[in-house]
Structures are given as C-alpha cells and as structure tokens.
Amino acid sequence: MIEVRALTKTIRNGNRSVDILRGINLEIESGQIVAIMGASGSGKSTLLGLLAGLDEPTSGQVLLDGTDISGMEEDELAQLRGKKLGFVFQSYQLVPTLTAFENVLLPHELNSGGDGRARAQQLLERVGLGGREHHYPVQLSGGEQQRVALARAFMMAPPIILADEPTGNLDSVNGQHVLDLLMELNQSSGTTLVLVTHDEAVATYADRRITLRDGLVVADTLAALEAHA
Amino acid sequence: MSAPSFAWKSAAKIAWRDMHASRGKFLFVTMAVAIGVGALTGIRGSSEAFKRTLLTRARTIMAADLAARFFDQPNAVQEQQLAELATEGVAETRVTELVSMASATDHDPLLISLKAVDTAAYPFYGKVDLAPAGTLRDVLRDDTAVVADDLLVRMGVGVGDTLRIGQGSFRIAAVLVNEPDRLSASMALGPRVLITQRALAATGLLQPGSRAGEHILFRLPLTGVIDDFKRKVETILPEAQVTDFRETNPALTQGLERSTSLLSLVSLVALVLGAIGVAMAMRAHIEQRVDTIAIMKSLGARSRQVMRIYILQTLLLGTMGGLLGVVLGAAVERVFPYLLRKLIPMQVTYDFPLHAIVVGLAVGILTTLLFTLPPLLDIRKVRPSLILRRAVTEPEDASARGLLRRIAGARLQIGAVVLILAGLGVIAATLSDSQVVGRWFTLALVAVLVVLLSLARFVLWLLRKMLAKTRSNLPSTIRHGLANLYRPGNQSATVLAALGTGIMLVTTVFLMQKAIVRELGDSSSPNLPNVFLIDISSREVVGVKELMQKQSGVGGQVETVPVVVARLAAINGTPLNQLTLKDYPKRFLQSVSLSYADTHPTGLKTVAGKWWPEGEQKSEISIGSRTAARIHVGIGSMLTFTVGGKQIETRVVATHTTDGQHVFSRSEFIVTPAALSGLTPVWYGAVHIEPRQVGAAQRALYAKYPTVTVINLADAFQTLRGVVDQIAMLIRFLASFSIVAGCIILASSIASTRFRRVREVVVMKTLGATRRRIAAVFSVEFLLMGAVAGTVGVIFANLLARVLLHKLEAGFRIEWLASLAAIAGTAAIATLSGWMASYRMLGQKPLKILREE
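As given, the protein sequences belong to chains A and B, one line each in that order.
First residue of the first sequence: 1263, per the working numbering; consecutive thereafter.
First residue of the second sequence: 10, per the working numbering; consecutive thereafter.
Set out below in structure tokens:
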C-alpha cells in the first residue's frame, strides 16, 4: 500500500521559488491500477518521483507498506527501490553499456543473489525480444527499448510498478503493444501500478484516475463509478 | 536563416548565451585549459631560469665564460682588437702565471707557482676562499700575498710573516684555500702564491723571454653566444689555447648538457600535457553540446553556422583559459626561486615576460583549436533526428569496400589528426632548443598515439570477444565495469590515448632525471682522486704509494701514471716545422707528456679504434680525440716523437676521451710500454683523501719525500661536488613538479568524462544500486583503463628514455620498480580521479537528472 500525507515540493529557480506540489494526500491500495493525469507542469512526474524516493519532498510523508521513506538515506532508498519498485520511463533509460539481456538482469544482480538468468530470458521472450538479447540499446528501436524496460521493471517481481508516460515516445502501434504488455504482466503478477499519463486512451486501462492541477489533486475517481456516471 | 545573413556577430551572440547558461561547466573547461597553459608557461619559464642558474654555477669552476691561454704578451694590434670587444659588453681580466722562487729570512728558498690577478675583476664567477675568511679585494694588496698551505709546511712560515719574491717583499695575509679556476689552472710546480698584477710588475720578474703564461679571462654579456665569441678570440689570438667553461670539467659539462636537455624535454612535456588537458576538456564540452546542436539543426541551422558558434566559443575559452594559465604560470615562476632560495641562489630576471605570455597564449588557443577540430567536425554528422531519438548505430560493413567507405567518410577527421600532429611537431620544434630532444620527442609522440589508439581498439575488441564467451561467469560488478569500456560510442580509446601519452611523458621525465642524476653522482663520487702527486721518481714510486696508502682518510687506491716528456717530431713522416696546423699552437707540441699503460686505464673511454691487448710488443699510441682532430691524425697515422735524442715511431690505434676525474685524465698521448722501453719516466700520482686529513698526509709525505709536490684539490672538488649536487637538486625539483602537474592534468582529463556518467548513475540508482556498488563498477573500469594506459605508456617511456639517453651518451637502466610503480600509479590516479569526479554525482537526487531528459 502507498500512502501520501500532506506532500509538498518547492523548487527554487533563481530568486523565485516555484511550488510544484502543494499538499497532496493519497492512499493507493495494493493491486490497484492508478492513472495520474494532468496537464504539463501540473506536478505528475514530480509526484511519481517522490513516490519512488527519487527526490526529497519539501514537507510531508510518503509511506510504502507503512515505511516512511521521506527521511531515508540515499543507499537505503536505492535498496528499497530495488526490492519494492519497478520503473518504466518515457525515455526508456536503459544502461547503454549493457545488452538487452543484461539490462533486464541488472536489477537482479543489484538486489539479490542466485541465478536470475532464466527469469530474464523468460521475460525477454514474453515481451517478444527472444532473439535480440545481445543487442545494445542503440541497436534497438524505441518500441523495442521500451519492451526491454518493461521486462526489466518486472524482473524482481516488485509489489509496485511506477510508469512515467510509458508510451509517450512511441507511435500508436508500438504504444499500444507496450501498453498491452504492461497490463498483461501486471495482471499476471498482481502488482500495484501507478501510471503517469496525459493520454486518455492509456487512462482507460486504470481502475482509478487522479487528476492534478497546479500541484493539487482536483479529481480522484474510480473507473467503475465513472462508467456508471 | 540564410548563410550570409547569419553573420559572425549572431554566432558570437549565440555562443555567449550558450556559455552563460552553463557557467559551471565552462568554468571547469576554462580551468582545465588554464592548468595546461599554466603548467606550460610556469615550467618553461622556470626551466629558463634554472638553465641560467646552472650555467652560472658551471662558470664558477673556471671563474669566467672563456679563457685564452698563451705565452707571449698580445701585440699592439691584438690589444686593440681585444679592447674593441669591450664595446660589445665583454669584460676581460688578465691573470699571469709564472714559476719563481720565494724566500724568507732563516728559511730555504722554494720554487713557487706565482699567480698575479687584478682583484678589481678577478674572479668573474665564484669566490676565492681564504683562511682566515675574508674577501680577496680586502686582503690582497700590492704589498701582501695569499699562499697555499703547503708553502707554510715547506718553508715553516706562518700568516703575518714576510716573503721575498723577485725584488718585492710581501706579507702573508692569508692562506689560499681555494680559487674558482683552481681546476682549470695549469698543474703547478710548486705551492701557489697569489699577488696583484701591480705587485708582479714591481717584482721585476716579467723580463722579456721569461716563461710567463698569460691567461685572459672573459665574461660575456647574458645574451652572448659562447661559440661565436670563442671563434672571435681564436682569430685574434691564433697562438692561444682558448677554452670555454664547458671544457673545464668534461664530466660536469656533460652532466650540464644532459640537464639542459632534460629541461628542454620537461618544457615539451609540459606543452603536450597542457594540450591533453585542453583537448580532453574541450572534447567533453562539445559532447555535452550534441543535443543543443541537434536542436539548432532541427531549427534550420546549417553545419557551418553551428561550427561557427562553437569555433567562437572554443576561441573564447582558449583565450580565457590561456590568460588565466599565463597568470598561473607567472606565479609558479615567481614561487620557485623563493622555495629554492635557501638551497641555491637563483638568478631571477624580473623583466616583463612578454615572450612567455605570447607563447603560452598561442599554445593555449592553438591546442584548444587543434584538439577541438575533430569534435567540431563531428558537428556535421549530428543529425537533427537526435532530438527525437538517440542515434542508432548502423551495422558496420565489414567488407573492404565498406572499410574504404568508412575511411573516406572520416577523411576530414584523419586530416585533422594529421594537422594536430603536425601542429604539435611545429610547436615542439619551435619551443625545443635541443634538436635531438625535439626530433625524438615528436617521433615518440606520434608513435605512442598511433600505438595507443590501435591498441585501445584491439584491447577493447579483445575484451568484447572474451566477455562474449565468459561474461555470464564473471561477478556482475566486474562484468559491468568492463562492459563500460567498450560500449558503442564511448570515449575509452580517447581517454586511453590521453592517459597513456601523459604517463609516457611523465615517466620519461622521471627515467631521464634518474639516469642523469645517477651519472652526475658518479662524476663526483666520493672516492675520486682529489689530491695529486707530482714529480715522483721511479725509485720513489713504490715507497710513495705505500706511504700514502697508510695515511688516515685515504680512500681507494693510489693511482699512478708514468710520464716521459717528448717532442712531437713528425706526423706521417712530415716534420713538425713543415706541417700547417691551423687549429693548434705548434708550441704545445714541442713538449708533450707521453704516458704509457699496458691495460686500459680507469676513466678513459676509447672513442675510435681499439685499445691494445695486454703485453703488446708493438709501438702503438692512443690519442685524446680532441687533440687528434686538431692535429689531423686518425687511426693508422704514424707519429714520431723524440725523447732525449732517441726517435720513437708509433702507430695510432685508438683515440680516447677522459672523464677528467682520474690520474690519466691529462694524458693526451698514451703509448704501449714497449714503445718507451729503456726510458725512465717521472711518475704522477692521484689519491682520494678526506679533505680534513690532507694536511697530515701532506706533512708525512714531505718528511720522507721532500721533492714530491702535492697538489691539494680537495677543496676545489668539494666546490665542484656542491655545484653538481645543486644541479641534481634543481633538475629533480623541476622534474618532480612537472610529474605532479602532469598527474593533476591527467586526473582532470578523466574527471572531464564525468558528465557522460551522470545518466548511468541515475538509472542504476533507480534500479536499486547503492553508491558503493556504482563506485565498484567505475573502479573496475578505471583500474583496467589505468593499467592498460600505464603499461603502454611505461613501455614507450623506457624506449624514449633509452633513445634520448643514448643520444646524450648516458647510460640507461630499466628501472623495474619505478616502471611497475608507474603502472600501478596510473591505475590509482585513474581510479581516484574517477571517484572524485563521480562523488558528487553519486549523492545527487535521481529525479533532477531524469527530468532533464
């Protein structure tokens, strides 16, 4: 379960301070698929980053399964992310020096012992890249890179997956393919999925929609209710 | 935007805005350029001052820059010509040497070597040591004399007593401990007595026909070229033997030559290290700009316009860094003498260093431009689609045609590389005042770059092949670190080349310094003879040797040399009076000292031909190579000597040089014992005695062998040793400084690759990597890179040092420990600087960087 309490984030830009998040309160149940929506600059990506401890909030708390991550040290955070969180970014963020296979294997190598190769291979096959294990990121197309990123995100079977505009850099065919894979993987492993998007089509996959504007939650609706409305 | 309307002015505006936007990064680049230029100007400027100091020190051994020695007084025309030299800023002073008798009341008269000087000018360099201490000008008046201590021993007189010399009488004012030209003065026949020139005139000893030797000592202005001046003096005084300070002590001179060559090398090294620093900083800078360039291109900018912007930026950075560097260098140059002032008085000229500033700036801007050329040319290849998607590398066409196409595609880059090498060569040639060093340096530089770049490719290829087979069996940290080295489009080859070249240069400086200091040490090693014994008869020689060996403070063996005075009668059958010898005063051949030796004497080096085997029965001769050249004889020439009416025919089988340190050092003509059979020689001896024990040994010898003359050069050698130590210290200091500066530059070069690591660090952290883990991955990468670069650099350093030392006729030894330390050190520097550069990055919050994507 993810809990967010009175979360704010202010950044200083020169002499001016900008409030990006102005007090967010949220609770996300385990297994839920949540779409965070909003216009550009509304604070969606910052919120996602704070959920993962990728940045420090100005005030407020983020609790993952009851653990407050706000005051955690860098390395503790890294370890926590490795075990609890999977990431999918808009611009893939694969490690350029590693092959597709090694990129998928990387979280395993960073976070646990034992042999993860079979699982990595299996995940790559599931995302349809069975024959391209030994390609480097630059040798893959954008859609392929994002599929590698998907496999990587699920490698540790984390309870939570965070996705920041996962289809934002892709054409509609590739985007749809990636989205289908994401949902499929999510369903089979029963993870909590938090998706940042401004694409209505993507949001339709979610159980719940949270809309931000100017750093505040302006709408929080369940898909089931919306369908009835 | 059309090309003509996009003027330089708007390019400048954009360049400035771009710089202003990321001031931090530009400061880093500017600092890197400044450190490079600073090291260059600082080290170069200092090495000039060091060289001046070294030469001045060396001059103190002769008290002058140049000395002309002859037996007649100059005639009126010659005097006139000598006087004209003064208008060129040349100072001269006369020293007259003659053998005379001294007497004192109640004592036997004694043969003395009288030396008359003008205290107003003498000595030009160094100082005369007296006991009790005092300055020569104060102590030596027209009615006083300073005398060597052996005169006091032999005559039984003391300071304050009166000596009679010719028609003058002199109060002994002090004991003459040492004078700067002691080692270059002629071997004295009796104790030395120093008086003034005016006093000498009053003694009435200078009668026409008296065998007085005249020395003219010259001091050149700072800008004077010694070889030109020497020729001039030789023309004015054709009968004189003209020597300059470099010839006084061959070992010292050679050490000096090597030291100045080393200083020349050090400046070149500073140049290239500076250039590497500049180049790496600029490379990283342009790399950072790839995205901006792609955006500009997508907005319609043409390659040429973009290049204009970055050329302007480069120029500005080069100028700013260059100016800062010149200031830094000037500071270094000022601080050095201050640091060293207690150990050695340095000559510092406080003129405005315009030359150094111009050179420093030119090198800063030029190397900045030269080294940014390849990345600037790459701008043409940056595709606007980059803003949408990172470049996808196309599979390489492995066929021959594909290779040709790639080479053709890279022709501008290849041209740029050739231009860089040529540019560096020109700069090196201009800056180097030693041709040998300049040429070999440039060659080695090109070779090491070619080898390193190809080797880098090879090692990376090998690594990739190896990893393809074994990678899954390796610990992931190591695998990941290794993988970092050969990722597509990575900079490993460049960093490897920069690091390897840097290490080669730094190690070469170290190896050269070590070898030169070692040989300098040999040339002033503590057991070299410092006391010489003259006129030992054949009957006495065994006894003298035994007696001396028993004295306390005697180190090593007593060396002896037999001498027979002969006249050179003919060369290849032509009598001496029919020979035309332009370069050599014939008078010196009227009485030459013939020595004989069965085995090759210590301190002698055969230059041409071959030394005879032991027990050789033929009449053969080895001649000092300088003399051989001047009297035009070579291997196979026949020389005829007459000794006491007897004719001796000898065949030249070898020529030699001496180190000026042993008893045979003054032997220009050495024959086989068979050649002189039946003749009775006079012996000369040499031995090392602790300076403080010389007096006692002298007294013991005098008591038993009163006719043997002792020449005590202990103090003179002490001075020489001091000079040698100072030279060694100076070059050690400058070498260490350039090594440290080199390491800093290399470290900053590696640090400049940090920008490309930021994204990687962030992704790894996002995936759960701890800082320690990331540091470990980087360590593997840097350690391997350092080890490879270090190994290649050290191998080349050994080769280069070997060639250069061979050219300088100095011995080369492989320094295993130092070489291994250099390799380990390179790996350590690479790793440490990698860590330091990544340290801040490791602590950064990931989101900040991810948002920048």
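Even for Gly, the Cβ is constructed at its ideal location relative to N, Cα and C.
Residue-level contact to chain B via CB, residue i, 8 Å cutoff
i       : result
A:P1319 : no
A:Q1438 : no
A:V1357 : yes
A:Q1341 : yes
A:G1376 : no
A:L1455 : no
A:G1344 : yes
A:E1371 : yes
A:D1337 : yes
A:L1360 : yes
Burial state of residue i, where buried means 16 or more other Cβ atoms lie within 10 Å
i       : result
B:W621  : buried
B:L92   : Rather than Leu, the amino acid found at residue 92 of chain B in this sequence is Ala. B:A92 should be labelled exposed.
A:L1398 : According to the sequence as given, residue 1398 of chain A is Tyr; it is not Leu. Looking at its Cβ environment, which holds 16 or more other Cβ atoms inside 10 Å, A:Y1398 is buried.
A:R1409 : buried
A:L1441 : buried
B:Y714  : buried
B:T96   : exposed
B:W825  : exposed
B:P484  : exposed
B:Y347  : exposed
B:W692  : buried
B:N586  : exposed
A:D1327 : exposed
B:F59   : buried
A:Q1407 : buried
B:F650  : buried
Same chain, Cβ closer than 8 Å to residue i, five either side skipped, listed in chain order
i       : result
B:Q89   : none
B:R782  : T486 and M773
B:S628  : I657, E658, T659, R660, V680, T681, A683 and A684
A:A1382 : F1363, V1366, L1367, H1370, A1413 and M1417
Proximity test, Cβ basis, 8 Å: residue i and chain A
i      : result
B:A492 : yes
B:D485 : Reading the sequence as shown, one finds Ser at residue 485 of chain B and not Asp. B:S485 counts as touching chain A.
B:L849 : Note that residue 849 of chain B is Arg in the sequence shown here, rather than Leu. Judged by the 8 Å Cβ criterion, B:R849 is not in contact with chain A.
B:T277 : Position check: residue 277 of chain B holds Leu in this sequence, whereas Thr was assumed. Chain A, which has no Cβ nearer than 8 Å to the Cβ of B:L277, makes this no.
B:L265 : no
B:R780 : yes
B:K854 : yes
B:H294 : no
B:H489 : yes
beta-carbon residue i near the ligand GDP non-hydrogen atom, thresh 7 Å
i       : result
A:R1475 : Summarising the ligand content, the structure contains no ligands, and the ligand GDP is consequently not present.
Cβ shell of residue i (< 7 Å), same chain only, five flanking positions each side left out
i       : result
B:L214  : L107, S109 and G175
A:G1305 : I1282, L1283, L1474 and G1477
B:T516  : G802, V803, A806 and A831
A:V1357 : N1365 and L1368
B:L529  : G264, V733, I736 and A737
Cut-off 6 Å between Cβ atoms - residues of its own chain near residue i, not counting five sequence neighbours on either side
i       : result
B:Q702  : S561 and G562
A:D1451 : Looking at the sequence shown, residue 1451 of chain A is not Asp but Ser. Correct list, in chain order: A1419.
Quick one, which residues of the segment 1414 to 1433 of chain A are near chain B if we go by CB-CB under 7 Å, in chain order?
Identification of residues in the segment 1414 to 1433 of chain A having a C-beta nearer than 7 Å to some C-beta of chain B yields an empty set.
Next item on the list: Give, in chain order, every residue of the segment 766 to 778 of chain B whose Cβ lies closer than 9 Å to some Cβ of chain A.
Entry: R768, E769, V771, V772, M773, K774, T775, L776, G777 and A778
* What are the uninterrupted segments assigned as beta strand (DSSP E) that are 3 or more residues long and contained completely in the segment 705 to 756 of chain B, given in chain order? -> 718 to 721
- What residues in the segment 28 to 42 of chain B bring their beta carbon closer than 9 Å to a beta carbon of chain A? Against chain A - using a Cβ distance shorter than 9 Å - the segment 28 to 42 of chain B contributes no residues.
Practice prompt. Could you list the residues in the segment 523 to 554 of chain B with a C-beta less than 7 Å from some C-beta on chain E, going in chain order?
Written response: Considering every chain present, this structure includes no chain E. Its protein chains are A and B.
Q) Which runs of the alpha helix (DSSP H), 4 residues or longer, sit entirely within the segment 533 to 577 of chain B? A) 550 to 559
- [ ] Give, in chain order, every unbroken run of the alpha helix (DSSP H) that is at least 4 residues long and sits entirely within the segment 289 to 333 of chain B.
- [x] 299 to 307
**Asked** In the segment 778 to 841 of chain B, which residue ranges form an unbroken alpha helix (DSSP H) of at least 4 residues, counting only runs that do not cross its ends?
**Response** 780 to 816
**Item:** Contained alpha helix (DSSP H) runs [length at least 4] in the segment 29 to 97 of chain B, N- to C-terminal order
**Value:** 32 to 68 and 85 to 94
- For the segment 1288 to 1311 of chain A, which residues have a CB atom closer than 8 Å to at least one CB atom of chain B, in sequence order? S1307, T1308 and G1311
What are the uninterrupted segments assigned as beta strand (DSSP E) that are 3 or more residues long and contained completely in the segment 664 to 697 of chain B, given in chain order? 678 to 680
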